[in-house]
């Protein structure tokens, strides 16, 4: 298995859902667990769409149906807004009292989010929000009566045989996180359901990405909706070589183009970790995990692709 000099992690390229090649570094392998950070949002979005297809959730129902303790001003909010990052709920530091570096319970984080003022009117603009995806997880729990980790395991992880993926659990053999080569204390992600709670491996993520693409989890219509640009960036985000251009956000997917053709992906960034899952043209897929949070994916992927 080839290695990338100076890189710590795993990058696996696939075609039609099957691994074509993996490159590694830092002693990591495709079965090494990592915190996958905000790639967890893609799982939460997929799970939500599964519940929508079952009739348990409605994307446009007022959020206070499931969160009656929410402020009255939130009546216009819906799952559509949460999943598309157009809720107006801020990111971690925009929520008074929220510090992702300080361990807290799920309910403590939920209370802080519900008390926080909206940063913008729902539906008006893209505003990336991990706290909004905590609400996605809570809504899924209340709609099913099942804890989020158990729900995710029963609906996605176990059916796909993802035995090395779990919510809120950091395996003892997980790759230790680093920044600029120095160890970093990892976040306690157990309370960050739906937003950054998962640990997984490149091998498991390849299987998950294939199931998403091939209809093993949601219908083609639901997948198309997840990859519809529901919010648009003021300026596209382009890689230095210009091949990848991200123009907006769907449901748990960044959407744009690769070499001028439709592409979708999600990235993650927790202290000590970086992650990426992408679906590129011609059935090409990519899973990239690193336990060095100063890694620049555009540099690594330019060499791999």
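In UniProt numbering, the protein residues as written are 1 to 305. Positions of the beta carbon are idealized from the N, C-alpha and C atoms, including for glycine.
Per the DSSP secondary-structure output, residue 276 pairs in a beta bridge with 267, 288. Contact annotation, residue 48 with residue 140: C-beta distance approximately 6 Å; criterion of less than 8 Å satisfied. For the pair of segments examined, the region 19 to 38 was found to touch the region 258 to 269: the number of CB pairs separated by less than 8 Å reaches three.
With a threshold of 16 other beta carbon atoms within 10 Å, residue 161 falls short and is exposed. Residue 196 and residue 131 have their C-alpha atoms spaced approximately 10 Å apart.
Following the DSSP letters along the chain, one finds residue 13 in no alpha helix (DSSP H) but inside the beta strand (DSSP E) bounded by residues 9 to 15. For residue 233, the enclosing beta strand (DSSP E) covers residues 231 to 238. Sequence-distant Cβ neighbours of residue 110 in its own chain, meaning closer than 7 Å and more than five residues away, are 134, 138. By alpha-carbon distance to residue 284, the top candidate from 292, 297, 262, 273 is 262.
Scanning its chain for C-beta atoms nearer than 7 Å, with the 5 sequence neighbours on each side dropped, one finds around residue 240 the residues 298, in chain order. At the C-beta level, residue 177 and residue 272 come within 8 Å of one another. In the DSSP annotation of this structure, the continuous segment of the alpha helix (DSSP H) that includes residue 131 starts and ends at 130 to 144. When the five nearest sequence neighbours on each side are left out, the beta carbons in the same chain lying within less than 7 Å of the beta carbon of residue 171 are those of 33, 199, in order along the chain. Residue 35 has 199 as its beta-bridge partners, per DSSP. Short of 8 Å from the beta carbon of residue 303, and not among the five residues preceding or following it, lie these beta carbons of its own chain, in chain order: 4. When DSSP states are grouped into helix, strand and coil, residue 212 belongs to the helix group. When secondary structure is reduced to three states using DSSP, residue 44 falls in the helix class. In this structure, the beta-carbon distance from residue 294 to residue 8 does not fall below 8 Å. In this structure residue 51 is buried. Its beta-carbon is surrounded by 16 or more other beta-carbon atoms within 10 angstroms. In the structure shown, residue 18 falls within a strand segment according to DSSP collapsed to helix, strand and coil. Here the region 78 to 95 lies against the region 224 to 242, with 3 or more beta-carbon pairs under 8 Å apart. Under the three-state reduction of DSSP, residue 245 is assigned to strand.
In this structure residue 282 is exposed. Its beta-carbon is surrounded by fewer than 16 other beta-carbon atoms within 10 angstroms. By the 16-neighbour rule on beta-carbons within 10 angstroms, residue 56 is exposed. Under the 8 Å Cβ criterion, the region 58 to 72 does not count as touching the region 90 to 100, having fewer than three qualifying pairs.
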